[in-house]
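A short write-up of the structure that comes next.
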Amino acid sequence: MEVSASPGNTVQGYAFVYLTNPETGIPSSLPDSILTDGLANGTFFGDGIGSGDFNGDGFPDLLVGTTLGSSGKGNVYLFPNPGLGGIASADLSSGGSTATVLTGVSPLTNFAQMSGLFDINGDGYSDSLVSAPVANKIYYYKSTKDSGPGNLDLSSGGTSTSVLTTSVGQSLGNSIAH
């Protein structure tokens with residue numbers, strides 16, 4: 001189970017991972033993993049979280065969004081789950097790492113407000129959906145075995161697999177479900 005604690009402007013945000021006891025089905029009362037970008041400047045780490053299995057290994061991986069990361073363009077980080085023990089704690093500002101970083105195209109579009117891992121194309125690997133509601137867009141990134149979508153910066157020529165959109169003013173992507 002994943003829970004986020006996205007802050008206001010001056011406190012760093014977190015994503016917490018709670019493992020579930022397989023015998024009782026009850027999650028642990030304290031987080032088993034703590035993730036953060038380590039920045040206290042209002043990146044809003046944890047604004048959007050989603051889980052799914054991007055590499056088909058049977059373990060749920062985690063997406064964590066920062067709507068104001070990268071100078072306001074927003075980031076999504078993919079944390080892979082290696083299996084037993086779950087996702088390791090990480091502070092990205094002090095040596096922690098992530099498998100993938102996706103960066104939005106322009107500031108203040110709320111890129112990463114919602115993110116999810118869903119097997120959209122039925123190939124057995126969870127693909128990434130990342131919303132930018134202010135821009136009325138949802139970006140679709142196809143995953144491939146072991147790589148996820150790879151590091152992509154939309155503001156520097158990186159491209160998503162596809163972009164979903166609608167008429168202006170609809171705030172497409174305020175919620176995403178599969």
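Counting along the sequence shown from 1, when you hit position 157 you're at 157 in the working numbering, and nothing is skipped either side.
Ideal Cβ placement from N, Cα and C applies to all residues, glycine included.
- For Pro60, which of helix, strand or coil comes out of DSSP? To locate residue 60, count along the sequence shown from 1; it is residue 60. Residue state, collapsed to three classes: coil.
- Other residues of its chain near Ala135: CB distance less than 6 Å, five sequence neighbours each side excluded: Against the sequence shown, residue 135 aligns to sequence position 135. Same-chain partners within the cutoff: Thr109.
- Message: Closest to Gly69 by C-alpha separation, out of Phe45, Ser143, Asp61, would be which residue?
- Response: Stepping through the sequence shown from its first residue, residue 69 is reached at position 69. Selected option, being the one with the closest Cα: Phe45.
- Message: Could you tell me the alpha carbon to alpha carbon distance between Glu23 and Leu78, rounded to whole angstroms?
- Response: Taking the first residue of the sequence shown as position 1, residue 23 is located at position 23. Taking the first residue of the sequence shown as position 1, residue 78 is located at position 78. Roughly 28 Å separates the two Cα atoms.
- Task: Report the option in Thr43, Lys145, Ile138 whose CA atom is closest to the CA atom of Gly122.
- Result: Within the sequence shown, the letter at position 122 stands for residue 122. Checked all of Thr43, Lys145, Ile138; the closest Cα to Gly122 is Lys145.
- Can you tell me which of the three DSSP states Ala135 falls into? By 1-based counting over the sequence shown, the position of residue 135 is 135. Three-state DSSP puts Ala135 in a helix.
- Task: Find the nearest neighbour of Phe118 within the set Ala112, Pro107, Val130, Phe111, judged by alpha-carbon distance.
- Result: As a first step, residue 118 must be located in the sequence shown, where it is residue number 118. Closest by alpha carbon: Val130.
- Grab the span of the beta strand (DSSP E) containing Thr184 for me, first residue to last. The chain is shown only over 1 to 178; residue 184 falls outside these bounds and no answer can be derived.
- For the candidate residues Gly48, Gly13, Ser167, whose alpha-carbon lies nearest to that of Asn174? Residue 174 sits at position 174 when you count from the first residue of the sequence shown. Among Gly48, Gly13, Ser167, the Cα nearest to that of Asn174 belongs to Gly48.
- Message: Using the three-state DSSP reduction, which class does Leu152 fall into: helix, strand or coil?
- Response: Looking up residue 152 in the sequence shown gives position 152. In this structure, Leu152 counts as strand in the three-state DSSP scheme.
- Message: Considering only their Cβ atoms, is the gap separating Ala90 from Leu35 smaller than 8 Å?
- Response: For the purposes of this step, residue 35 is taken as the residue at position 35 of the sequence shown. For the purposes of this step, residue 90 is taken as the residue at position 90 of the sequence shown. Cβ distance < 8 Å, so Leu35 and Ala90 count as in contact.
- Message: Looking only at its chain, what residues have a beta carbon closer than 7 Å to the beta carbon of Ala88, apart from the 5 residues adjacent to it on each side?
- Response: Within the sequence shown, the letter at position 88 stands for residue 88. These residues qualify, in order along the chain: Ser33.
- Task: Output yes or no for whether 8 Å exceeds the beta carbon distance between Thr20 and Pro27.
- Result: Stepping through the sequence shown from its first residue, residue 20 is reached at position 20. Stepping through the sequence shown from its first residue, residue 27 is reached at position 27. Pro27 sits close to Thr20, with the two beta carbons spaced by under 8 Å.
- Item | Residue closest to Ile138, alpha-carbon to alpha-carbon, out of Gly95, Gly83, Val76 | Residue mapping note: residue 138 aligns to position 138 of the sequence shown, counting from 1. Nearest Cα to Ile138 within the set Gly95, Gly83, Val76: Val76.
- Would Leu164 pass as a contact of Tyr140 if the rule is Cβ separation under 8 Å? For the purposes of this step, residue 164 is taken as residue 164 along the sequence shown, with counting starting at 1. For the purposes of this step, residue 140 is taken as residue 140 along the sequence shown, with counting starting at 1. Yes, they are a contact pair.
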